[in-house]
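**Q** Pasting a structure below so you can have a look.
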Ligand SMILES: Cc1ncc(COP(=O)(O)O)c(C=O)c1O
């Protein structure tokens, strides 16, 4: 293959996604399975979105999508108080990150991020043949922005910040982000991934959109996969200076967001009831896990998202396998450098109870 494929692609490690329910059914012959591994929405999908998607399937399946996602971009722009040409929408946040790298990264570029964060940043960096610099998180699982600033050189094209961070869970405090934006050279773009922003319950969270006017090198990414419950449909976006968006539009596919996703995302934006119900369930689940982990004497990172990163004090791959046999899928984090930690998505009350029961059994606690 070496004679055909780009070396930087062949050198990449395989990505291991959260284990799908279907695979566990096949492997263990069990049917009653709960997936607490991929930070999906346990409340399902907004009923308004489902209605709009069914209507779109019925009436417009034969038509190509609206390339510029005009209705959705317009709604987002109005809601966020930015111009429509500051919004870039693609096939999930993953595709936004990929198209961003495709647009901006050259093989000579350096990209700075944290050592334990969302793997997509490293993925696109290596796919483009650029160099990744990973700076350790602080003890509390926070991005160490002063250390990341020190790692920035004239070759640094982008710094990726994930806030709240996946997989640890905390936000990067407002002051840290503003200090960083003040000091980082304007030749370096700052990509702020806010996939979990809606779940944040912390006044120290920066209003990133309001910073876009001042910092032209800031890109803010969000997704419909989490709080909106549209992970299967694939729709995410970023907000940035219109010139950044214009450049990314040149790299993207002509029809990256299918019609069903556009209709669902647009309708979900009007479903305040579903949004609030999702957040209420999330708050309740967070408290439940905090209480249970305290009872079991397990350490965890403070969560500002829809999941929690817990230190099991044991090989998390073994615990994961034991829990699979009970039909509970969690996410062990050895591949992300945290061999005793696991990430557990907040579920419905009965799912959370079952997860804790299975975990207690696996740990003998
Ligand atoms: C931090 C972070 N960013 C981006 C994404 C991509 O989300 P999606 O491609 O589903 O929009 C995820 C998905 O889990 C994530 O955790």
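Numbering (our numbering), first residue to last: -13 to 351.
Beta carbons: idealized from backbone N, C-alpha and C, even for Gly.
#1: I'd like to confirm the pairing. Which residues does DSSP put opposite residue 319 in its beta bridges?
#2: Taking 8 Å as the cut-off, decide whether the C-beta atoms of residue 102 and residue 154 are in contact.
#3: Please determine if the region 195 to 203 and the region 13 to 25 are in contact, where contact requires at least 3 C-beta pairs separated by less than 8 Å.
#4: Using a Cβ-Cβ cutoff of less than 8 Å, which residues in the same chain neighbour residue 233 once the five nearest sequence positions on both sides are dropped?
#5: Which residue or residues does DSSP assign as beta-bridge partners of residue 177?
#6: So, using beta-carbon positions, are residue 110 and residue 87 closer together than 8 Å?
#7: With three or more beta-carbon pairs closer than 8 Å as the criterion, would you say the region 159 to 170 touches the region 181 to 194?
#8: Going along the chain, which residues of its own chain have a beta-carbon closer than 7 Å to the beta-carbon of residue 104, five neighbours each way excluded?
#9: If you compare alpha carbons, which of 1, 253, -8, 214 is closest to residue 114?
#10: Taking only heavy atoms of ligand 1 into account, decide whether any of them is closer than 7 Å to the Cβ of residue 209.
#11: Cβ of residue 35 less than 8 Å from any chain D Cβ?
#12: At a threshold of 7 Å, does residue 94 count as lining ligand 1 (C-beta to nearest heavy atom)?
#13: Checking the sheet assignment: what are the DSSP bridge partners for residue 76?
#14: Does the beta carbon of residue 104 fall short of 7 Å from some heavy atom of ligand 1?
#15: In the DSSP assignment, the beta strand (DSSP E) including residue 98 goes from what residue to what residue?
**A** On the basis of the data shown:
#1: Residue 319 sits at position 333 when you count from the first residue of the chain shown. Note: residue 319 sits in a beta bridge opposite 324.
#2: Within the chain shown, numbered from 1, the residue matching residue 102 stands at position 116. Within the chain shown, numbered from 1, the residue matching residue 154 stands at position 168. For residue 102 and residue 154, yes; Cβs fall inside 8 Å.
#3: Not touching, per the Cβ criterion.
#4: For the purposes of this step, residue 233 is taken as the residue at position 247 of the chain shown. Only 89, 90 meet the Cβ criterion.
#5: For this step, residue 177 is matched to residue 191 along the chain shown. For residue 177, which the question treats as bridged, DSSP gives the partners 146, 205.
#6: Locating residue 110 in the chain shown gives position 124, where the first residue counts as 1. Locating residue 87 in the chain shown gives position 101, where the first residue counts as 1. With contacts defined by Cβ atoms closer than 8 Å, residue 110 and residue 87 form a contacting pair.
#7: By the criterion of at least three beta-carbon pairs nearer than 8 Å, the region 159 to 170 is in contact with the region 181 to 194.
#8: Residue 104 sits at position 118 when you count from the first residue of the chain shown. In chain order, 148, 152, 179 place their CB closer than 7 Å to the CB of residue 104, counting only its own chain and leaving out the 5 sequence neighbours on each side.
#9: To locate residue 114, count along the chain shown from 1; it is residue 128. Among 1, 253, -8, 214, the Cα nearest to that of residue 114 belongs to -8.
#10: For this step, residue 209 is matched to residue 223 along the chain shown. Yes, the Cβ of residue 209 comes within 7 Å of a heavy atom of ligand 1.
#11: Among the chains of the structure shown, chain D does not appear; only one protein chain is present.
#12: For the purposes of this step, residue 94 is taken as the residue at position 108 of the chain shown. Not under cutoff, so the answer is no.
#13: Within the chain shown, residue 76 is the residue found at index 90, counting from 1. Beta-bridge pairing by DSSP links residue 76 to 222.
#14: Here residue 104 refers to the residue found at position 118 when the chain shown is read from its first residue. Residue 104 has its CB nearer than 7 Å to a heavy atom of ligand 1.
#15: Stepping through the chain shown from its first residue, residue 98 is reached at position 112. For residue 98, the enclosing beta strand (DSSP E) covers residues 96 to 100.
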